[in-house]
Every structure is written in structure tokens, then in C-alpha cells.
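Take a look at the structure below.
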Amino acid sequence: MSSSENGHGELASSRKHKERRHRRNEEERKKEREETQREEREREREDRNSVRDRRREAEDSSSDSDRETKPRERRPAELTDSDDDRRPAAGHGVSADGEKDTSRGGEEEKRKEQREDERRKPGGMKPASTSTHSDGDESSDDDSFGPAPVAKGGRGAPGLVKRRRLVPHEELYLKNLPHEERYFRSFMHRDEVSHVVASPLHRFIITGSVDGHVKFWIREGEDIEFVKHFRAHVGALHCLCVSSADGGAVVGSVGGDRTFRLFEVVTFDMLCLLKLPFEPLACEFVHGREEPAPVVAISAKETPEIFLYKPTLSSESVGSFSLHMAPAHLLRFNAALDVCVSADKDGGLEVWCTDSYQRATRDNRMGKIRYSLKSETDHFELAKVKTYALALAVAPDGQLLAVLSADSTLRIFRFTTGKIAKVYLETVDMYETAQNDPQRRALHVDALDFEHRLAAEKELSKARGRAWQTMSFDESSNFLVYPSMLGIKIVNVKDNRLCRIIGKPEHSLRFLAVAVYQAKAQKRKATTTVILGKNAKTQENKEESRMDSVIVASAFKKNRVYFFTADSQKEGLVDLRDVFNEKPSKEEQEALAPSASSAIAPSLRSGRTATIFTTMGDIFIRLFPQECPKTVENFCTHARNGYYDQCIFHRVIKGFMIQTGDPNGDGTGGESIWGGDFEDEFHRALKHDRPFTVSMANAGPNTNGSQFFITTVPCSWLDNKHTVFGRVVQGMDVVTKIENVATNVEDKPKQDVKLLTIKVTS
């Protein structure tokens with residue numbers, strides 16, 4: 010090989026080497042540009058998230074001052090939530106004020122600080138992974154709330170805060186639910202009430218008691234009227250159900266006498282009677298709207314079998330099957346998806362087809378069910394935690410299933426996926442924590458009242474009445490109505506917000522079975538009156554639409570059924586709420602029988618509630634006869650004898666209290682029912698720690714007579730100096746009105762505010 014050829018070869022080799030090195034440099038520069046662009050995109054995304062977080066924090070802080078005046082609370086502290094495919098864990102969710110939970114929020118703050126430190130370093134921060142969701146995907150995901158979970162191993166992209174979903178026309182939906190805290194009317198059964206159902210299409214409400222009696226009630230105008238009474242079963246009543254697909258056209262019941270009875274609602278008459286070859290446990294109508302005859306599923310008490318009947322056509326079963334390992338004690342039909350859900354006391358939860366009696370899957374419910382195997386769902390969750398369902402509720406649109414379990418936890422399942430969407434805690438521990446948390450004011454009750462409720466809850470956990478609890482969705486499927494330790498809760502399940510608690514002032518009642526009656530809007534005439542001086546002129550009559558809704562409930566160890574409506578209780582008719590439509594028991598007769606004051610026991614001489622009628626409105630107070638027996642007896646006896654009638658509020662101090670009870674009207678008079686003064690009765694649970702406390706006025710230790718006062722602010726300096734014997738439960742606005750009247754230099758109102766009379770109730 011010549012030297013020239015050698016030179017040409019070396020030159021070509023050098024040129025190729027330079028080209029490879031140039032390409033390699035170009036590739037490295039390209040990678041660096043891509044890396045820089047990726048870092049810039051990541052910084053922009055983080056900046057957008059940071060701006061969004063700051064904006065939301067600013068909105069939350071600006072709404073803090075208005076939170077107390079809102080008609081509904083934000084999310085209750087006991088509520089937790091999760092994504093469709095992720096179980097909720099402790100610490101997830103948001104607090105009652107909408108703030109991020111500290112257990113996860115702290116970790117996110119640490120990660121954010123680490124990212125900021127990395128960003129300050131030369132070259133910026135290299136992300137561990139790139140999110141596959143765009144900014145638009147983040148805001149459009151409507152299956153998750155709050156902080157999103159971090160990728161496994163902690164190296165994923167930062168959790169992105171999801172937008173809060175708001176229910177359109179929420180105020181309108183809430184307006185179509187009862188809002189009065191106290192029940193409107195109650196009626197009697199002969200024994201404990203165990204079941205309540207509603208037929209909104211025909212305006213009927215059906216109730217049943219443990220002795221096998223069934224009663225029909227109708228919503229007529231603004232009142233509830235009794236319709237008919239059936240002795241349905243010789244033995245105990247096991248289950249009472251109403252058809253859902255046709256709006257409640259028929260009602261069925263099963264009992265310990267091994268019979269099934271079918272009632273037609275519109276005629277309130279019994280259609281047929283089936284004698285069963287087994288003892289039934291639960292029943293549910295599973296026919297669709299187009300079915301010519303009703304179909305009912307009845308579970309056996311001794312075996313896990315479920316039988317189906319067409320009672321109007323044949324007394325023989327049309328089919329039976331068994332998917333459970335234990336007897337199914339709960340059945341609920343989903344008319345929207347044409348499937349039924351059943352539960353047993355081993356924690357089993359099954360969703361099955363009403364036509365093939367097979368477990369519902371995407372194969373036999375195409376487009377309605379999204380799973381092929383039960384293992385793809387969370388239906389094993391109850392068995393995993395060794396609990397079982399106490400109550401089931403299906404949303405009218407068929408998308409949600411609510412399960413209240415024996416571990417005092419309410420789980421919301423998505424019907425189509427079988428996944429748990431939300432978990433609401435109703436444990437005693439949660440309420441004890443909330444009682445001492447100033448941010449959970451919606452769950453606060455009087456300390457003494459809380460102890461009574463706590464004792465009732467512990468007693469209920471061991472009683473048969475625990476299994477009588479039921480719950481219902483409203484017609485929009487956005488709100489769940491269910492019983493709790495504090496009353497009947499109405500929760501927005503879409504936004505995870507506690508909207509209201511009704512029945513909370515009824516401290517002696519622990520509600521169990523709950524049914525929601527929502528009829529179509531009714532029109533009524535409204536008269537507009539224009540008042541000019543002393544002349545009143547009726548201007549016009551208009552027809553306004555009025556939404557008619559009722560929540561009907563039973564209570565623990567009570568033989569009454571309670572009706573909550575949107576109508577306010579009329580003045581002076583508090584005692585008429587409880588109707589004696591049955592013969593009172595021996596104990597009730599003794600309590601109601603008139604007798605001489607000296608022959609009445611001190612506990613009967615005292616009342617539990619009292620209504621103070623004034624010229625500015627009515628004040629309802631709760632009394633404490635067990636803690637302050639002598640003080641309450643003195644107050645109640647004076648009230649019954651008319652001692653307080655026409656007394657004036659002789660001392661009013663704004664920002665402190667209003668005082669009355671002196672027949673002389675100047676603060677110098679008044680005596681006890683025994684003549685002279687009587688001793689103080691201090692109780693460790695009764696303090697002047699809140700406004701609207703009712704307490705005895707005195708001139709020193711053990712100088713109580715007849716005068717009393719109502720505080721308008723917390724007055725802790727009065728503890729162990731004045732006897733607290735009551736709390737205002739309704740009419741706080743009246744107390745505030747009296748507090749704000751004009752007074753003279755001696756704190757006496759310039760215009761007399763009179764106490765007309767006091768009505769005591771037991």
C-alpha cells in the first residue's frame with residue numbers, strides 16, 4: 010500500500026470520527042434542550058398549582074367569617090372520601106372547615122419545600138416522573154376530592170388538589186327536605202315501632218311495630234292523618250317493604266307466623282296472603298315498572314336461600330337460589346339497573362340479577378355493571394374487617410349504594426364498579442373527639458346531654474333495635490338521610506358536606522328507622538296584605554308552589570312514630586305534638602292522672618321542658634330535674650300556679666343577661682314555693698360556659714327565691730355562685746330581641762317586656 014493511499018485512509022477515518030463526535034454532541038445538546046423544556050413545563054405546572062392553592066386558601070380564609078351564618082355546614086369532620094379505585098385511609102379527606110388534613114398536608118408541604126430547594130440549585134430540579142394528566146384532566150376528574158395520593162414509593166409527581174364539585178340547584182333540593190329541628194307530630198303504636206316506609210306517589214306512609222301491627226297514614230294538607238290499622242301478623246313483624254319501581258304502589262310484610270301479606274297502597278286494603286314453608290327473614294319487591302304483576306324476594310331465616318314469588322298469581326315460588334353463606338337479612342332492589350343487593354350477618358354482600366338469579370357482572374348487565382368478578386370490587390370489605398351491614402339504601406338513579414355497618418361506619422359504594430367511594434365515621438370515639446373540637450361546632454351538644462346520648466348509644470349497641478335502623482336517599486340522589494347519635498343527618502354525598510341535623514333538640518330520642526317522603530309540588534293560595542297605619546288592605550291572591558316533604562322516623566325503645574315536616578310548630582301547641590291515638594300504658598296513665606300536689610312525687614312535680622310566652626315571642630327551655638331537683642320543682646310549681654304570669658323583665662343588660670321572675674317588678678320581691686329562700690344546687694356538668702343558660706338569681710349563697718335570668722354570653726365567673734337549671738333550645742332570637750331593647754340607667758327596659766305565662770311539659 011502506497012503512502013498516498015495510507016494518507017487518504019487516515020484522512021477518511023479522521024473525518025468519520027469527527028462526524029460521529031459531532032453527531033454525539035448534537036444528540037447531547039438535543040437531550041439537554043429537551044430536559045430543559047421538560048423542567049420548564051414542570052415548573053409552569055407547579056406554579057399553576059401553587060397559584061391555584063393560594064387562591065383557594067384565600068377564598069377559604071375569606072369565607073371563614075361567614076361560615077357561621079351559612080344555612081349549612083361545610084364538610085363534616087367525620088367524613089372521609091377516596092377515589093373510585095382507592096380505599097380511604099386514616100387522615101385522608103378534608104376537615105369541617107375545608108382545610109387539608111394535616112397528616113397528608115404535612116407530607117405535601119415537605120415535598121414542596123424539597124422541590125423549591127432543588128429548584129434554587131444550579132440547573133434546576135429534575136422531576137422523578139412526568140404526570141400523564143394534563144391540567145384540563147385534573148379539573149375534569151369528578152371521582153376524587155382533596156389531595157390526590159402520591160405514586161407508590163413516594164417518587165411520583167406531587168398530589169394535585171381536585172376542584173370541589175358543587176351540586177347544581179343544591180338550595181332547591183335542600184328546600185324540598187324538612188328543615189325544622191323539632192318533630193311536627195308523633196303518633197302511637199301499641200308496641201315499639203320497628204319499621205317505617207313511604208309511598209310518595211300516593212302520599213301514604215306505612216309503619217309497623219314489633220307486635221305485628223301495621224298502620225297506614227296519609228299526608229293531607231299540612232297535617233298527618235291516620236287511615237287504617239291491620240293486625241298483619243300473629244307473631245313478630247320481621248320486615249316491611251314498599252315497591253320502588255312503581256313509586257310505592259304495593260306494600261309487603263313478613264312475620265314470625267310464616268306468612269307474607271300484600272297490601273295495595275291506593276286502596277289501603279290487603280290483596281293476598283301467602284303461607285310460606287319456611288320462616289321468613291326479609292322481603293323486597295324486585296319487579297320493574299313494566300311487570301304486569303308484583304314480584305317479591307323473600308329470604309329464609311334458617312338457610313341462605315332466597316325465594317321469589319308472584320303473590321297475585323300463585324302461592325308457589327317461581328324460583329330460588331343461594332349466593333350467601335349465611336341467611337340474608339337485608340334486601341334492596343335497584344330499579345334503575347334492574348339488580349338486587351343482599352347482605353348477611355357474616356359480612357357477605359351480593360349483587361344479583363332478578364331474572365337469572367346470578368351474580369351481576371358486565372356480561373349479564375352490559376353497560377350497567379363494569380366488573381366481571383366479585384374480586385374486582387370492594388364487596389368483601391365488610392367480611393375483611395369482620396363486620397356486617399345493618400342497613401342498605403340505594404340511590405334513585407341507581408349509581409350509589411349506602412351501607413351502614415355494625416362497626417358504626419357508613420360506606421358509600423359505586424354500584425357500577427363495586428368500589429368504595431366514601432367512608433363516613435359514626436363511631437362513639439369520633440363524637441367524643443368532636444365534642445372537644447372547637448372547629449366541629451355542628452356536632453357539639455350540651456355536656457350533660459352528650460353523656461345521656463352516650464349511654465343510650467352503648468345500650469343500643471347490645472339491643473335488638475340496632476337492626477331496625479334504615480336510611481334513604483332523597484329524590485335527587487345527592488343527599489343521604491340517616492340516623493345518628495345526634496339526630497337525623499342530611500349529608501350531601503357528592504360534596505361530602507353535612508347540610509343539617511334534624512331532631513337534635515329531641516335529646517331523649519335516638520332515631521332508628523328513617524324514611525323520606527317527597528311528593529310533587531302543591532299549589533296553594535297566598536294572600537298579600539298591605540298595612541297602612543291602622544288600615545289593612547288585602548291586595549291580591551296568588552298561587553304559589555309549595556314543596557311537600559316529610560321525614561318519618563322511629564326511635565329506640567319508643568312506641569311512637571315521629572314526623573318531621575317543613576311546617577313550623579304553631580305557637581302554644583307544643584304539647585299537641587304527641588297524639589294519644591292508642592290507650593296509654595299504665596305508667597303514662599299514672600303520669601297524666603290529676604292528683605293533689607302533696608301526693609305527687611317530686612320527679613312528677615318537675616317538668617323536663619318549659620315554654621316561656623312573652624310579648625316579644627316564645628322561648629323554649631330544657632330543664633334539668635335530675636341534677637337540680639329542688640330548683641326545677643320550685644320553677645315548675647310557680648309556673649303551674651301562675652306565679653310568673655304578667656311578670657316583667659325588670660333587668661336587661663346587653664351583652665350579659667335578661668332577668669325576670671319578680672312579682673314586684675323591681676328585683677326586690679319573690680319567694681320560693683316553700684316560703685323564703687332555699688339552698689343552691691351546683692352540678693359539675695352545668696356551667697355558665699355558653700350563652701342562653703337559664704340560672705337562678707340570688708343575693709348570696711343559698712338565697713334562691715323565684716327570680717331567674719337567661720345569659721346572652723358565656724359567664725364563667727358565675728359558676729358555683731348561681732344555680733344553672735336550664736338551657737334555651739329554641740327562641741334564641743327572642744332572647745336577643747329582649748336583650749337589645751332600650752333601657753334606663755337602672756337597666757330597666759323603658760317599655761315593659763312582659764312574661765305572659767309559662768307552660769311546663771314533662
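Take the sequence shown: its position 175, counted from the start at 1, is 184 in the numbering used here, and no numbers get skipped.
C-beta: ideal position from N, C-alpha, C; glycine also.
Practice task
Report the three-state DSSP secondary structure of Ser704 (helix, strand or coil).
Solution key: strand
Handout entry: Span separating the alpha-carbon of Asp90 from that of His31
Key = Note that Asp90 scores a pLDDT of 40, beneath 50, so its modelled location is shaky and nothing firm can be said.
Handout entry: 6 Å CB neighbourhood of Ser493 in its chain, flanking five on each side removed
Key = Glu435
Handout entry: Met439: first and last residue of the uninterrupted alpha helix (DSSP H) it sits in
Key = Val437 to Gln444
Practice task
Could you say if the stretch 613-625 and the stretch 640-649 meet the contact criterion of at least three C-beta pairs nearer than 8 Å?
Solution key: yes
Practice task
Tell me, to the nearest whole angstrom, how far the beta carbon of Phe701 is from that of Thr720; I am working on the premise that it is less than 8 Å.
Solution key: For a cut-off of 8 Å, the C-beta gap from Phe701 to Thr720 is around 7 Å, short enough to register as a contact.
Practice task
Below 8 Å on the Cβ atoms is my guess for Tyr526 versus Pro289; work out the distance and round it to an integer in Å.
Solution key: Not a contact, Cβ separation roughly 26 Å.
Handout entry: Beta-carbon proximity check, Thr766 vs Phe622, cutoff 9 Å
Key = yes
Handout entry: Which residues DSSP lists as bridging Tyr318, in chain order
Key = Val305 and Ser326
Practice task
Measure the Cβ-Cβ separation of Phe572 and Arg194 and say whether it is below 9 Å.
Solution key: yes
Handout entry: Separation of Phe629 from Gln739, as counted between CA atoms
Key = Whole-angstrom Cα-Cα distance: 5 Å.
Practice task
Give every residue of the same chain whose Cβ lies closer than 8 Å to the Cβ of Thr321, excluding the five residues on either side of it in the sequence, and list them in chain order.
Solution key: Leu271, Leu280, Cys281, Ala302 and Pro303
Handout entry: Buried/exposed call for Glu87, threshold 16 Cβ in 10 Å
Key = Confidence in Glu87 is poor, its pLDDT being 42 and thus under 50, which makes the residue's placement unreliable; the coordinate value appears in the next sentence. Its Cβ being crowded by 16 or more others within 10 Å, Glu87 is buried.
Practice task
Evaluate the contact criterion for the stretch 449-456 versus the stretch 471-482: three or more CB pairs, one atom per stretch, below 8 Å.
Solution key: As far as the Cβ criterion goes, the stretch 449-456 does not touch the stretch 471-482, which means the pair count is below three.
Practice task
Tell me whether the beta-carbon of Val263 lies closer than 9 Å to the beta-carbon of Ala522.
Solution key: Their beta carbons are not under 9 Å apart, which means Val263 does not touch Ala522 by this criterion.
Exercise for the section: Mark Thr624 as exposed unless 16 or more other C-beta atoms lie within 10 angstroms of its C-beta, in which case mark it buried. Expected result: exposed
Problem - Three-state secondary structure assigned by DSSP to Asn713 - result: strand
Handout entry: As assigned by DSSP and simplified to three states, the class of Ile747
Key = Reduced to three states, the DSSP call for Ile747 is helix.
Exercise for the section: May I ask you to list the residues that DSSP assigns as paired with Arg631? Expected result: Arg631 has Thr618 and Arg736 as its beta-bridge partners, per DSSP.
Problem - Between the CA atoms of Glu680 and Gly714 - distance to the nearest angstrom - result: Rounded to the nearest whole angstrom, the CA to CA distance from Gly714 to Glu680 is 4 Å.
Problem - Residue range of the unbroken beta strand (DSSP E) whose run includes Val350 - result: Val348 to Asp353
Exercise for the section: Could you have a look at His211 and say whether DSSP puts it in helix, strand or coil? Expected result: Here DSSP, grouped into helix, strand and coil, assigns His211 to coil.
Practice task
Could you say if the stretch 228-237 and the stretch 179-196 meet the contact criterion of at least three C-beta pairs nearer than 8 Å?
Solution key: They touch, by the three-pair rule.
Practice task
Count the other CB atoms, across all protein chains shown, that sit within 10 Å of the CB of Arg693; report buried if there are 16 or more and exposed otherwise.
Solution key: With fewer than 16 Cβ atoms within 10 Å of its Cβ, Arg693 is classed as exposed.
Handout entry: Contact between the stretch 328-336 and the stretch 369-378 (3+ Cβ pairs under 8 Å)
Key = no
Practice task
Tell me, to the nearest whole angstrom, how far the beta carbon of Tyr397 is from that of Lys428; I am working on the premise that it is less than 8 Å.
Solution key: Wrong, their Cβ atoms sit about 20 Å apart, outside the cutoff.
Practice task
Return yes when the Cβ of Val403 is within less than 9 Å of the Cβ of Leu413, no when it is not.
Solution key: no
Problem - Rounded C-alpha distance that separates Val251 from Val722 - result: 49 Å
Handout entry: Contacts around Arg475, its chain only, beta-carbon distance under 7 Å, and the 5 residues preceding and following it disregarded
Key = Leu399 and Leu469
Exercise for the section: Go to Val754, then tell me how far its beta strand (DSSP E) extends in each direction, as first and last residue. Expected result: That residue, Val754, is in no beta strand (DSSP E); it is neither H nor E in DSSP.
Exercise for the section: Would you mind sorting Ser563 into buried or exposed? The rule is 16 or more other CB atoms within 10 Å of its CB. Expected result: buried
Practice task
Classify Pro593 as buried or exposed, calling it buried when 16 or more other Cβ atoms lie within 10 Å of its own Cβ.
Solution key: exposed
Practice task
Check whether the Cβ atoms of Arg228 and Ala528 sit closer than 9 Å, and answer yes or no.
Solution key: yes
Practice task
Take Ala245 and list the residues in its own chain whose beta-carbon comes closer than 8 Å to its own, dropping the five residues that flank it on each side.
Solution key: The residues are Val219, Asp220, Gly221, Gly264 and Gly265.
Practice task
Tell me whether the beta-carbon of Glu591 lies closer than 9 Å to the beta-carbon of Lys639.
Solution key: Against a cut-off of 9 Å, the Cβ pair of Lys639 and Glu591 comes out as no contact.
Problem - Residue nearest to Phe287 in terms of C-alpha spacing, selected from Asn753, Ala309, Gly328 and Ile315 - result: Ala309
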